[in-house]
Structure formats: C-alpha cells, structure tokens
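All letters in the sequence shown, in the order written, are residues -26 to -1, 1 to 152 by mature numbering (1 follows the signal peptide of the UniProt record, and there is no 0). Yeah, the Cβ is synthetic: ideal placement off N, Cα and C, and Gly gets one too. Just so we're clear, the structure is a prediction, and the values are computed from it rather than from any experiment. Notes for the one structure printed next.
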Amino acid sequence: MKRTHLTIILLSAFFVSSLLPHSLNAATGRCNPSDYEVLLKISKALGNPFPSWVPNTDCCDWYGLQCNDTTNRVVELTIFSGQISGQIPSEVGDLPYLDNLTFRKLSNITGPIPQSITKLKRLRFLRLSWLNLTGPVPDFISELSNLIFLELNFNKFTGPIPSSFSSFTPLPNLVLSV
C-alpha cells in the first residue's frame, strides 16, 4: 500500500515537473528572456503604445520586431508612425543582437539620440527619420563600426556633421536632409 502511494506521488511529481519548463517558456515563447525584459522596459518608456506587446506572450510575434530564427534574439526593432511621444528609450542599447533599428514618422519623439546605441555592435541599419530629435548629430555614431546605412533626415539637429564620420570604413549610405 505504501509503495503504491509513493509510486503515485512520484509519478505525479514527475508529471508536474515535466510541465513546468514548458509553462515557464510559454510566457516568452521562442523570444529570448533577456530581450523580452528589455522590450517590456522599452514599451513602458514609450507609454505601452502597442496592443500586440502583451506580457506573457512571444515577443517574436510583436509588432515591429523580428527575431533570428536560430538564436531567437531580437534583430530588428521598427517603430513606424503613430502617436508615440517621449524620447528614444536608452534601453534599445540593451538588445545586443540588434541589426536594424528604425524609428520613423513619429513627430512626438524628441530629444537626443541615446548614447546607449553604441552598445549595439552588430547594428548595420540605423534609421531615425521624421522625428523631432534635437541637438547636434552625435559624434558617438561613428563607434557603430558595422553600420552600412544611416538615415537621420527630417529632424531638428543643429551643427555640423561630425568629422568622426570620416572614420567609417566603408562609409555607410548616409541620408541627412532638412
């Protein structure tokens, strides 16, 4: 009797424990847990504007995101059009596999470009256009050594193009207009 009772308890514990990793992983799906936490911070900083950015869902299915099929890391963040206001969240720099960062046609996005983007060592495409970014075009953009496309048009930048941009090798496609 005791042995049967113990067997039932052990089988029940095994069954429950086999479900546990699946249920924990279901919260983020294939999305990397670190990227998931960063994206929730970005959403909060922007006022939670995206209906698809719902906690406990797979962030790889969220609006404006693309994940790498092999690593499940976020490689693209595209925020295009809408009533978002504030500054570009510094947390974007905490998405280390980001290859493409786009904020476009968001007239209520203001302030400077966050220096945290220099942490994005894999970034190849940076599009920050039709915003209301202010201040000088930051010198630190030249630290993005893999950049092949830089679009900063239709903002309110002041001052000259940084001389450090001449250190880009090769020089990225550059789109700078009024």
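**Request:** To the nearest angstrom, report how far apart S8 and V111 are at their CA atoms.
**Result:** If I take the Cα positions, the gap works out to 30 Å.
**Request:** Can you give me the Cβ contacts of V12 inside the same chain, cut-off strictly under 6 Å, excluding the 5 residues immediately before and after it?
**Result:** The residues are E65, D68, L69.
**Item:** For C41 and D35, the rounded distance between their alpha carbons
**Value:** Spanning the alpha carbons of D35 and C41 requires a straight line of approximately 9 Å.
**Prompt:** Short check: CB of L126 to CB of L102, under 8 Å?
**Reply:** A contact, by the Cβ cut-off of 8 Å.
**Own chain, CB closer than 6 Å to A19, minus 5 neighbours either side, in chain order** = Only P63 meet the Cβ criterion.
**Request:** May I have the straight-line CA-CA distance separating T76 from Y10, to the nearest angstrom?
**Result:** Distance between the alpha carbons of T76 and Y10: 18 Å.
**Asked** Given that a residue counts as buried once 16 or more other Cβ atoms are within 10 Å of its Cβ, and exposed if not, what is P146?
**Response** It is buried - the Cβ of P146 has at least 16 other Cβ atoms within 10 Å.
**Prompt:** Going by beta carbon distance, what residues of the same chain come within less than 6 Å of G109, once the five residues before and after it are set aside?
**Reply:** Around G109: P86.
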